[in-house]
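The numbering of the sequence shown is the numbering used here, which starts it at 262 and goes up by one. To start, the structure under review is shown below, and the notes come after it.
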Amino acid sequence: VYTEVSTTEGLIHDSQHLNVIYERLSFAAGMSYKARQKAIKQKKKYYKSILTYLAANPNKRLDRARYRHVKGLWPTGTSSKEFKAATKRLRFQLGQSDRFKRGLVRSGRWQPFIKEEFDKLGIPHELASLPHVESSFRSDARSHAGAAGLWQFTRSTGRRFMRIDHVVDERLDPFLATRAAGLLLKDNHQITGTWPLALTAYNHGAAGMRRAVKATGGTDIAKIVREYKGRTFGFASRNFYNAFVAANEIDQNTSTYFGRIQREQRMLIQEVKLPSYYTAQGLMSAFGVKNNIFKSLNPALQPTIWSNSKYVPKGYRLRVPVKSGGATSKKLIASIPRDEKSAKQKPDVSYKVRRGDSLSKIAKRFKVRTTELVAINALRSRHQIRIGQVLKLPSAARKQLKGAQQVAPDAVFYSVRKGDRLSVIARKAGVSEANILVLNKLKNKNYLYVGQKLRLRQDPIVLSLTANAKVLNPKQRAREHTLRADPNDYLVSNNGSVEIQSNETLGHFADWLSVKTTSLRRLNKMSSRSRLVVGKRLKLDFSQIEKPAFEQKRLAYHQKLQDDFFKRFSVVQTEVLTLAKGDSVWLLAQQRNVPMWLLRQYNTAIDFNHISAGARLMVPQIHKKSQ
């Protein structure tokens, strides 16, 4: 998949036995996504009919070549039961070889820095190959599930380590995201005990891997992949470590698979910590940096910066090219005119949603783009707003968006308007004229017509392992996002009980289950004075609600608790502390501004109900995020 099959092809295969490949499917040039999906569906139907026939006639002499071909892919003596099961395991995997090759070229720019950062954290150099699996080393990569950047952080996981809002999204900054990825991998290793499990937890979540270890009785990744049947342990998670091993092998022996590859050179840049708030234009002028270079070096800055709705924030580490001679950075910053800087950030303009409102109506009323409202407010969907919800609006939007149609920085298509020129469209979209000509098969750049739909760029990259998986529904997505960085287990066990977590009361459980607390007390033989103990198990009453609905309510509660905290604070590193006689864990947490639920997450092996002197605690260091 990574070395031989390109993105114009794919494999129809068995999702469990990866060596069983039924066909290499090729797509015609320019074939639409819809047409591709139709072709894939037809091929799956074709092979399902063959497998169904083999299941009904496993020992019959076959007179047709297609039956002999498929049967020959399986071991001699394969049972009827196995053929029948195989009808439900047909899967299509899009090839990645051309994408992987481009990723190898891009990797030269980032891998030296990644290895340096991983050295500081004690992480093996081999893990610097992980972005091949996550993003093909594209810092602008985005997935259908909302993950972004070189390391494909979701918002909820990323906020644990980075600033992610409508002004700065550090997931898109390879330098800052690399540090965050290192911290997450190190945390995963501390929780799971092995690097194969830590890597799989990067995709499946630390809590999921703890459940896998418990279910299989050990930390052997091969056994877990072979035997673990967790509800959310799907194809991508099950094969994530194997995909990494393959990517690392190719990365270490590139010439064997692709011949000579000229990797990009590491960029020489300097960092400047901003002492105040500045306009992007003021900074570009002071440092003599062109717009496209400035944006490429500072990808975390959001559209609100470029539309002048917000200043580049105080404390932001600006990156500019290294220049020999000339004025120092301090002098260049000091030369910025007063009207291009401020002691305060521009305030958000807000709007309270009323009955009958839709996002498109609000956007039209305030002369802003719907896509910008979605981005600023971190909305999952343009169709989901509620009465009373307070939305942020770009403060300078009315002034900025009058006149010519603006092009969203990540737009894939653009509809031509009266007076448009290809050069202007390309500049606003941040792409080249030549690129638009090629993508749209245009011969004359001067021939455009009103209403013409132009493709500006290829669709954003998605995680290669899940390129053909179904898009998760909101409930599944929330569960995956919650569990990725949080090692606690919030799911219901087979016997209908749960492990009690921090900040949970009997009232919470009664509310989530739509039952009375007295019902839960009777079920668990608790007196009226009994209190919940974190780490113990609680039996639940599912007479009024189904397990998935309960789990979703519980996850939503903890997600909000953590999101509220990580909107203001981030984890910058961890330290190991040894408890002395008389030390209070609660007081230690208070002194370091670490909530107990977070301290417990970093010390899953410790029983906080019976902790004694000499215990070694992993304590996260908390940093307040700038505004």
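For glycine and all other residues, C-beta sits at the position ideal for the given N, C-alpha and C.
- Rounded to whole angstroms, the Cβ separation of ARG798 and GLU760 is 6 Å, and the two are in contact under 8 Å.
- Within the stretch 296-324, not a single complete alpha helix (DSSP H) segment reaches 4 residues in length.
- Of the residues assessed, GLU836 falls on the exposed side of the cut-off, its CB having fewer than 16 other CB atoms within 10 angstroms.
- Here LEU355 is buried, its C-beta having at least 16 other C-beta atoms within 10 Å.
- Spatial neighbours of ARG440 in its own chain (CB-CB distance under 7 Å, excluding positions within 5 residues in sequence) are listed in chain order as GLU378.
- For MET470, the secondary structure class from DSSP, reduced to helix, strand or coil, is helix.
- Scanning its chain for C-beta atoms nearer than 7 Å, with the 5 sequence neighbours on each side dropped, one finds around THR477 the residues LYS484, ILE485, GLU488, TYR489, in chain order.
- Pairing PRO809 with GLY491, the inter-Cα distance amounts to about 14 Å.
- Contact check for LEU558 against ARG527 fails: the beta carbons are separated by 8 Å or more.
- The way I'd put it, the stretch 459-468 doesn't touch the stretch 598-615; fewer than three beta-carbon pairs between them come closer than 8 Å.
- Across the set ASN280, THR268, TRP456, the C-alpha of ASN280 shows the shortest separation from the C-alpha of LEU351.
- Here the stretch 840-858 does not lie against the stretch 422-436, with fewer than 3 beta-carbon pairs under 8 Å apart.
- The beta-carbon distance between ILE637 and PRO655, rounded to whole angstroms, is 7 Å. This is short enough to meet the 8 Å contact definition.
- Collapsing the DSSP output to three states places TYR818 in a helix.
- Note that the stretch 849-868 does not touch the stretch 769-789; fewer than 3 beta-carbon pairs, one per stretch, sit closer than 8 Å.
- The alpha-carbon separation between HIS450 and LYS628 amounts to approximately 49 Å.
- With a contact defined as Cβ atoms closer than 8 Å, ILE311 and TYR328 qualify at about 6 Å.
- Within the DSSP secondary-structure output, VAL837 pairs in a beta bridge with MET879.
- Scanning VAL699, ARG420, TYR263 for the CA closest to the CA of GLN820 turns up ARG420.
- Counting C-beta pairs closer than 8 Å gives fewer than three between the stretch 362-376 and the stretch 268-279, which falls short of the contact rule.
- Distance from the Cα of THR337 is smallest, within the candidate group THR348, SER831, LEU315, GLN357, for LEU315.
- In the DSSP annotation of this structure, the continuous segment of the beta strand (DSSP E) that includes GLN531 starts and ends at 530-534.
- Residue environment for ILE511: buried (at least 16 other C-beta atoms within 10 angstroms of its C-beta).
- Following the DSSP letters along the chain, one finds PHE505 in no beta strand (DSSP E) but inside the alpha helix (DSSP H) bounded by residues 501-513.
- Taken through DSSP and simplified to helix, strand or coil, ALA409 comes out as strand.
- DSSP places VAL583 outside both helix and strand once states are collapsed to three, so it counts as coil.
- Burial state of MET292 is exposed, judged by a 10 Å Cβ sphere holding fewer than 16 other Cβ atoms.
- Nearest Cα to PRO748 within the set GLN303, ALA841, GLN762: GLN762.
- Scanning SER358, ARG416, GLY796, SER397 for the CA closest to the CA of ALA406 turns up ARG416.
- Linking VAL394 to ASP401 through their CA atoms gives a straight-line distance of about 15 Å.
- Following the DSSP letters along the chain, one finds SER267 in no alpha helix (DSSP H), marked with neither H nor E.
- ARG630 is bridged by DSSP to nothing; it lacks a bridge partner.
- Under the criterion of beta carbons closer than 8 Å, TYR283 and VAL331 qualify as touching, at roughly 7 Å.
- Within the same chain, and ignoring the five residues on either side of THR264 in sequence, the residues whose Cβ sits closer than 8 Å to its Cβ are SER358, PHE361, ILE511, TYR518, PHE519.
- Secondary structure at LEU620: helix, using DSSP grouped into helix, strand and coil.
- Rounded to the nearest angstrom, the Cβ distance from HIS427 to LYS613 is 18 Å, too far for a contact under 8 Å.
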